[in-house]
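**Q** After the structure tokens below, expect a handful of questions from me.
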Amino acid sequence: MARKSHVQTTINGETVEFLCESRQSLLEVLRDELYLTGAKEGCNNGNCGACSVILDGRLVNSCLVLGVETEGKSVETIEGLADPDKLHPIQDAFLENAALQCGICTPGFIMSAKALLDSNPNPTEHEIRYWLAGNLCRCTGYDKIVKAVMDAAKETSA
Amino acid sequence: MPTVVIPPLMRKFTGGEANITLPGATVREVIDNLESRHPGIKARLCEEDRLKPGIAIYINGLLSRGSLLERVDADAEIHFLPAIGGGVAEPSN
Amino acid sequence: MTEKKEYKVIGTRPIRHDGVDKVTGRALYGADFQMTGLLHGRVLRSPHAHARIVSIDTSRAEAYPGVKGVATAQDLPDAEDRIADLGEGAVNLKYLCDNILASDKVLYQGHAVAAVAATSPHIAEEACTLIDVEYEVLPPVLEVRQAMEADAPLLHETLKTTSMGETADEPSNVASHIQHQLGDPEKGFAEADIVVERDFVTGTVHQGYIEPHNATAHFNQDGQLTIWCSTQGAFTVREQVAEILQYPISKIKVVPMEIGGGFGGKISVYIKPVAALLAKKTGKPVKVLMNRADVFEGTGPTPASYVRVKMGATKEGKITAAEAYLAFEGGAYPGAPVGPGAMCIFAPYNIENVVIDGYDVVVNKPKTAPYRAPGAPNAAFGSETVVDELAEKLGIDPLEFRLLNGAKEGDRRADGPVHPRIGCIETVETAKAHPHYTAPNGQKHHGRGVASGYWFNIGLESSVTINVNSDGTINLIEGSTDIGGTRSSIAMQAAEVLGIPAESVNPSVVDTNSVGYTAVTGGSRTTYATGYAAYEAAQDVKRKMIARAAKLWEVDEANVQFADGEFSCINGKEEQISFRDLCGRLGQTGGPVVGSGTVNPGGAGGAYATHIVDVAVDEETGKVEILRYTAVQDAGRAIHPSYVEGQIQGGAVQGIGWALNEEYIYNDEGTMTNASFLDYRMPTCLDLPMIDAVIVEVPNPGHPYGVRGVGEVPIVPPMAAIANAIYDAIGIRMTELPMSPDRLLKAMGKI
Amino acid sequence: MQDFSYVAAQTLSEAVALLDENGEKARILAGGTDLIVNVREGRRDVDLMIDVKSVPEVNVLDYDANTGLTLGAAVECYKIYAVDAICDAYPGLIDATKIIGGTAIQGRAGVGGNLCNASPAADCIPPLIVLNTTCVIAGPNGERELPVEQFCTAPGQTALENGEMLVSLKIPAPASNSSSFYLRFIPRNEMDIAVVGAGASVTLDDAKETIVSARIALAAVAPTPLFAEEASTLLAGREVSDAAIDDAAQAAQAIARPISDMRGTAEQRTHLVGVLTRRALNGAIQRIRD
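Protein chains in written order, with this note's numbering: chain A, 9 to 166; chain B, 190 to 282; chain C, 87 to 837; chain D, 11 to 300.
This is the structure we're talking about:
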């Protein structure tokens, strides 16, 4: 049986310890070990963005990060985005714009959009489309997602 | 009396006739009357006491779910059509 | 046109009821399900497209540390070659079972052969490589016309062509032949001044839902089987699993988790019976997940097809005759959606003389599954391109040509039935007046195209229960899994009846033990039929509440009326009470109020769409860019316009993907070479402009609020609209899908 | 996914020693966006991943207008294009770093990893070739240098010997009146592997009319990315003209030996080599003139 390593990391601001095999991705650790199932597996090879999380401030596909690599690092997931009594403006904008249908890609899109607005608070429509190209949505045709991110940008940069 | 529209692939039973008006208050009665007029056609539509898989009935343009038990109006138009395969109306086909 | 009614809730845009759960990552999808003692299952799939299974030896896998059980087709009950009635449809049980785990032959690369349950998904995957399968490889048949040839290798020795109840004598890859005929096509073509005939080929494409299939199954010691899964219909899962395992439905409970897209592809079961088998063998709950390659290779795409269309028209622009030949690939087992294709192909037009032949043909590819208006896009690609060419040759504007020939109420469809009130003409008129259509279009290598499409929509059974709460809210219990906001579109219909805000309804999608039979979320039926059931359940509540008010006021029920959320006494007494206040007095007037509604409506009401697209063609590379897109559609009545727009936009974009780049690419051995999101190229947001969704409302007389299904028809026009735009840009008619850069380069003579 | 061990090396010597001790089944893990997928999908057999992201030498990102760029092998794409001076000096390399995967991939993937993965279609390799890049390689016997066009030897195979790893890439400072350009053809606008990729660097005379020198490199048309030597040298001394550029494009087409696969056909690729070579050269020239 594969040996497990002890890893200590910070997830959504809290120190977290877990055991994992080297071959377990950060996505598997989040979902199967820590029960943070907001990040989804859509392709497991970096082509759909459903597993997007923010690692040390940078957007990554958690399926392409090993759990053991996160020792000493800081991970932000969809579960940590909202305040207890208030959604993040991007989350509000997704709801108000009806920017989700089945919702499976939504956590990834929201984390990706957050990373975008953190680095570029006033993106153009083209910049949004370029940044989000790594996130696949099959339901919406992206129209309302792009509009939601434009609305959220207005809200957060106001 | 109800009118039955005969599918093109069954018109050999009716000598090429497409529309046949005949009595019947239910689909079953209509089919039985059709059979007595054009023997052999019922075996193409029904097996045992039900419609064959692959065949659907439309009454006045609406897909009928009651099959043979369905009541038909005096001026009803009845179509026998290929059942919609491909999973649209058939959950697993 | 029907007078447009004023509504309080319908037509508004409330926040969807499950929205917060879905933007916070809290919503639980099938793969998110966790349970103590869970084992993980993995399916071994065939590397060959066509082979006889000589032997399967699972001993090395069974001995691998961490493995708790291995299953093969041997573990399934003997499947008879008989037709099983699965609630609403008929299916050959042996085909159904063989597609779950192959017994004697594998019929496509990716066909499930065995399955392992182990303590971790990695161990299950490793153990699969230890299962020794000996195959006798057979030549594959990979294309529909090849499969129809007399000397083609046969997939099934027992399959014989049926045509309207008649079965042929000799085995064939052609499972069925259908035909529709109207008028006298020969005479119609003789009357034509111009006739256009063309062949079309479309590729195999996948629904491309982002969430792979998943299932967790557990057998209790008392034999109760529970399955937690992602599905478009919990009841159809129950029926299919019951048939495959030969197990009573009363002992199966299916719990629909949130579903990450389906588009028709999550109706058939694949791994759900496998999870149940493994759970039975191990005595533990087993979760089986597909990966993305499994999804492409092992689940149903929509078929590749060969389509021939011939149409004739007079100089004045009247279509006199139409003829279509549709040959669709069913995949490994019969079931191609050629029926719907044949029903829809000429439906936007009123044509007196029509003949349509359709063939369902098996090939060595995954068994096809429904995909958004199954069959209609393949057919419309052909017919709408030919219509464009007719209009062009006659010098008539293509939308004007559609108006000249457009289908209206009372016109007869090619398959026989007469159209009820439909909105075909209205979508064309709206498109014609749209600023997109009147905008300049003259730049070099830019082009504009239009196309129309039809989808008939379906009704089927739905059940809804409403429990009234003492604070004036209601809990709405339904069985339609919510893929795109239907909790809200259903809740809004109940709210409208009861005069309460949408937010006062708490909708819940529940398991098969907790609600009446409800057919799949598919066929664009959910807002229509389950919404209809919600309407009926709310009417039931209203009737019961009227009785309570009557009791309260000691008057006859006939003297109580209900309007705008208020009950009032119309005869004698000056009494009035709001719905909310009356809810607070249920205890003293007789106890809880529960309403129920069950429907099986026949008047689904077909939907029409007309799309306009502008493209730019890079003449050096063959790449097509979508510059502008407008999709006009008749929604009957848009309950929640935002989600109607969303359906239109999403359908149009799936169509754009189908038109330009999506296809299964096979090598000569029948192996799919692009089974990933990297190489199966679905559109990203960088490939698209905004999609202008324009809703037209021609109420459906078959629904109390006029609802028509909206989900499917938007995928019907895009392929032809884009082909017509490419023609406008470079003067070449593209007749093969996808219209990928290499095909354009070839068509332009560049390579 | 197969089981493997993981070590986070802290120093270059530790990483090299681990590589040397563990043989062929040990692999360097940097961004992991190719390696993890390749192991997961059974395309590489690995029993040890040596994470080098804490090793200082592979994280160097140092640009000097006189001496050029030293680019640590593990530096992620997003860090490279965040530096304006590097964007100005090596626009062709930046073109590639901005189109590898999506933004999330660019948060992990680096130019060095793209090179070591040795895909024939790698987007970073043509720009590295046209920019005259030298690979700095560490091994049990010390350091050595290798021109980048000699680094890839076959699909997935490199010139790295047992125990060796790529440390950094050295790119000379750009000459005056020079620029570079990389583009690829993909059916979508992002998230695809190049059907064909073409990079060009061009140096013009002071009048910006005559080509002093040029380098052209191609991706996805041979088992390794190719330096189109003849196409490059024939441009030296030619005046900028459609004819000169067409000549180079034809010479580039002549060395392409593409295959047909799910990403494109051989004939399509050969055709595109001509189109993209022209566009890359024109793009680089335009950048000099702007």
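All C-beta atoms in this analysis are idealised placements derived from N, C-alpha and C, irrespective of residue type, glycine included.
#1: What three-state label does DSSP hand C/Tyr110 in the structure shown?
#2: Hey, is A/Ala141's beta-carbon within less than 9 Å of any beta-carbon in chain D?
#3: Which class does A/Phe26 belong to by DSSP, given the choice of helix, strand or coil?
#4: Going by DSSP in three states, D/Tyr88 sits in which element: helix, strand or coil?
#5: When we look at the beta-carbon of D/Asp61 and count the other beta-carbons within 10 Å, is it buried (16 or more) or exposed?
#6: Within 8 Å, do at least three Cβ pairs link the region 717 to 726 of chain C to the region 765 to 782 of chain C?
#7: Closest Cβ-Cβ distance between C/Ser826 and chain D: below 9 Å?
#8: When you compare only the Cα positions, how much space is there between C/Glu174 and C/Lys401?
#9: Check whether the Cβ atoms of C/Thr248 and C/Ala236 sit closer than 9 Å, and answer yes or no.
#10: What is the residue span of the alpha helix (DSSP H) that D/Gly78 lies within?
#11: Roughly how many angstroms lie between the CA atoms of D/Gly152 and A/Lys122, to the nearest whole one?
#12: Rounding to the nearest angstrom, what Cα-Cα distance links D/Ala2 and D/Ile135 in this structure?
#13: Going along chain B, which residues have a C-beta under 8 Å from C/His134?
#14: Quick one: grab the DSSP three-state call for C/Asn553.
#15: Can C/Val327 and C/Ala362 be called in contact, C-beta distance under 9 Å?
#16: Looking only at C-alpha atoms, which of D/Asn199, D/Met175, D/Ala83, D/Ala95 sits nearest to D/Gly33?
#17: For C/Asn544, does the three-state DSSP call read helix, strand or coil?
#18: Does any CB atom of chain A fall closer than 9 Å to the CB of C/Met776?
#19: Would you mind stating whether C/Glu660 and C/Ala635 have Cβ atoms separated by less than 9 Å?
#20: B/Ile209 CB to nearest chain C CB: under 9 Å?
#21: Pull up the distance between the alpha-carbon of C/Asn543 and that of C/Met805, whole angstroms please.
#22: Run through chain A and tell me which residues come within less than 9 Å of D/Val47, C-beta to C-beta.
#23: Where B/Ala245 and C/Val381 are concerned, what is the direct C-alpha to C-alpha distance, given to the nearest angstrom?
#24: I'd like to know if the region 97 to 113 of chain C and the region 222 to 234 of chain B are in contact, where contact means that at least 3 CB-CB pairs between them fall below 8 Å.
#25: How would you write the range of the alpha helix (DSSP H) that C/Arg131 sits in, first residue to last?
#26: Any beta carbon of chain A sitting closer than 9 Å to that of C/Ser589?
#27: Looking only at its own chain, which residues have a Cβ that is under 6 Å from the Cβ of C/Asn561, when we skip the five neighbours before and after it?
#28: In the region 237 to 252 of chain B, which residues sit with their C-beta less than 7 Å from some C-beta in chain C, listed in chain order?
#29: How about A/Phe117 and A/Ala160: do their beta carbons lie closer than 9 Å?
#30: Answer with buried or exposed for C/His505, where buried requires no fewer than 16 other C-beta atoms within 10 angstroms of its C-beta.
#31: Could you name the residues that DSSP lists as bridge partners for C/Phe653?
#32: Where does C/His304 land, buried or exposed, given buried means 16+ other C-beta within 10 angstroms?
#33: Here's the rule I'm using: 16 or more other beta-carbon atoms within 10 Å means buried, otherwise exposed. How should C/Thr244 be labelled?
#34: Terminal residues of the continuous beta strand (DSSP E) containing D/Gly149?
#35: Select from the region 202 to 230 of chain C all residues with a C-beta closer than 9 Å to any C-beta belonging to chain A, and list them in chain order.
#36: Please report how far the alpha carbon of A/Pro115 lies from the alpha carbon of C/Lys339, in whole angstroms.
**A** Straight from the coordinates:
#1: The sequence as given places Thr at residue 110 of chain C; Tyr does not occur at that position. It is coil, neither helix nor strand.
#2: Residue-level contact by beta carbon holds for A/Ala141 and chain D, with a gap shorter than 9 Å.
#3: For A/Phe26, the secondary structure class from DSSP, reduced to helix, strand or coil, is strand.
#4: Judged by DSSP in its simplified three-state form, D/Tyr88 adopts helix.
#5: Classified as buried, D/Asp61 has 16 or more neighbouring CB atoms from the shown chains inside 10 Å of its CB.
#6: By the Cβ test, the region 765 to 782 of chain C is in contact with the region 717 to 726 of chain C, since at least three Cβ pairs between them sit closer than 8 Å.
#7: Cβ-Cβ to chain D under 9 Å: yes for C/Ser826.
#8: Residue placement at C/Glu174 cannot be trusted, given a pLDDT of 43 that sits under 50; what the coordinates show is reported in the next sentence. When the Cα atoms are used, C/Glu174 and C/Lys401 turn out to be separated by approximately 47 Å.
#9: Result no, Cβ atoms of C/Thr248 and C/Ala236 do not sit closer than 9 Å.
#10: No alpha helix (DSSP H) holds D/Gly78; the beta strand (DSSP E) holding it covers 78 to 82.
#11: Their backbone Cα atoms lie some 44 Å apart in a straight line.
#12: Nothing in the structure corresponds to residue 2 of chain D, since chain D is present only between 11 and 300.
#13: The premise fails here: C/His134 is roughly 25 Å from chain B at the closest Cβ pair, so nothing lies under 8 Å.
#14: Of the three classes helix, strand and coil, the one that applies to C/Asn553 here is strand, per DSSP.
#15: Result yes, Cβ atoms of C/Val327 and C/Ala362 sit closer than 9 Å.
#16: Here the closest residue by C-alpha is D/Met175.
#17: Looking at the sequence shown, residue 544 of chain C is not Asn but Ile. Note: C/Ile544 maps to coil in three-state DSSP.
#18: Output row for C/Met776: interface = yes.
#19: It is not a contact, given that the beta carbons lie outside the stated cut-off.
#20: With 9 Å as the cut-off, B/Ile209 does not count as an interface residue toward chain C.
#21: The straight-line gap from Cα to Cα measures roughly 20 Å.
#22: For D/Val47, the C-beta contacts it makes with chain A under 9 Å involve Asn52, Asn53, Gly54, Cys71, Leu72, in order along the chain.
#23: When rounded, the distance between both Cα atoms is 32 Å.
#24: Contact between the region 97 to 113 of chain C and the region 222 to 234 of chain B is absent, because fewer than three Cβ pairs lie under 8 Å.
#25: For C/Arg131, no alpha helix (DSSP H) encloses it; the enclosing beta strand (DSSP E) starts and ends at 125 to 131.
#26: One point to set straight first is that residue 589 of chain C is Glu, not Ser, in the sequence displayed. It does not: the Cβ of C/Glu589 has no partner Cβ on chain A nearer than 9 Å.
#27: These residues qualify, in order along the chain: Asn553, Asn592.
#28: Of all residues in the region 237 to 252 of chain B, Lys241, Pro242, Gly243, Ile244, Tyr247, Gly250, Leu251, Leu252 have a Cβ within less than 7 Å of some Cβ in chain C.
#29: The Cβ atoms of A/Phe117 and A/Ala160 lie no closer than 9 Å to each other.
#30: With 16 or more other Cβ atoms inside 10 Å of its own Cβ, C/His505 counts as buried.
#31: Partner(s): C/Phe648, C/Ile663.
#32: C/His304 is buried by the Cβ-count criterion.
#33: Looking at its Cβ environment, which holds fewer than 16 other Cβ atoms inside 10 Å, C/Thr244 is exposed.
#34: Membership of D/Gly149 in the beta strand (DSSP E) is indicated by the continuous run 144 to 149.
#35: Taking a C-beta cut-off of 9 Å against chain A, the contacting residues of the region 202 to 230 of chain C are Thr205, Ser206, Pro207, His208, Ile209, listed in chain order.
#36: About 29 Å.
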